[in-house]
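Going by our numbering, the first residue of the sequence shown is number 10, and it counts up by one from there. Ideal Cβ placement from N, Cα and C applies to all residues, glycine included. Working notes, beginning with the structure itself.
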Amino acid sequence: VRALKYNGGVPKADLNNENLEALEKGLPNLLKHVENITNVYKLPAVVAINAFPTDTAAELKLVEDKCKALGVNVKLSEVWAKGGEGGVEVAKEVVRLIEAGENKFQFAYDTELPIREKIRAIAQKIYGADDALFTAQAEKEIDELEKNGFGKTAIC
């Protein structure tokens with residue numbers, strides 16, 4: 010919650026104060042990651058909130074509501090305060106998702122594409138870029154990789 014508020018424009022000195030407006034502004038980054046995992050990679054997901062005592066119920070509810078709107082559960086992680094016991098709920102949810110067998114993983118690109126096109130697809134689908142531009146050095150290295158038989162290698 011603190012990081013989301015910081016991304017929403019709250020100075021570090023004020024992160025312990027409730028600020029739903031800033032939290033709302035900071036949420037798009039998290040939600041984009043969730044959408045990438047579920048819509049692009051076709052994987053189930055859980056959002057673990059690294060809960061702090063200064064996080065308010067309203068802030069936690071806002072994050073949970075936004076994630077649930079995308080079909081993703083939220084679990085509190087309190088590992089920093091409770092050690093391993095504080096991560097049990099997150100772990101249980103991860104195990105539940107695995108056992109549910111909903112893994113329909115796919116790459117963000119057609120695996121038969123050449124390296125440049127794979128990179129472009131990642132830039133566009135994952136990062137929202139219009140295109141991917143390559144330096145002369147990158148072009149040279151990509152050519153070398155393809156020449157040496159690595160053109161079909163997965164790109165991440």
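- Restricting attention to Ala60, Glu111, Val103, Asp119, the CA atom closest to the CA of Ala90 is found in Ala60.
- Selection Glu30, Val88, Thr47, Asn26 evaluated against Ile58 yields Val88 as nearest (Cα-Cα).
- Remark: fewer than three beta-carbon pairs, one from each stretch, lie closer than 8 Å, so the stretch 16-28 and the stretch 40-49 are not flagged as touching.
- Collapsing the DSSP output to three states places Ile135 in coil.
- No Cβ-Cβ contact shorter than 8 Å links Val99 with Lys77.
- With 16 or more neighbouring CB atoms inside 10 Å of its own CB, Gly96 falls in the buried class.
- If you check the CB distance, Arg11 and Leu24 come in under 8 Å.
- In the three-state scheme derived from DSSP, where H, G and I count as helix and E and B as strand, Lys51 is classed as coil.
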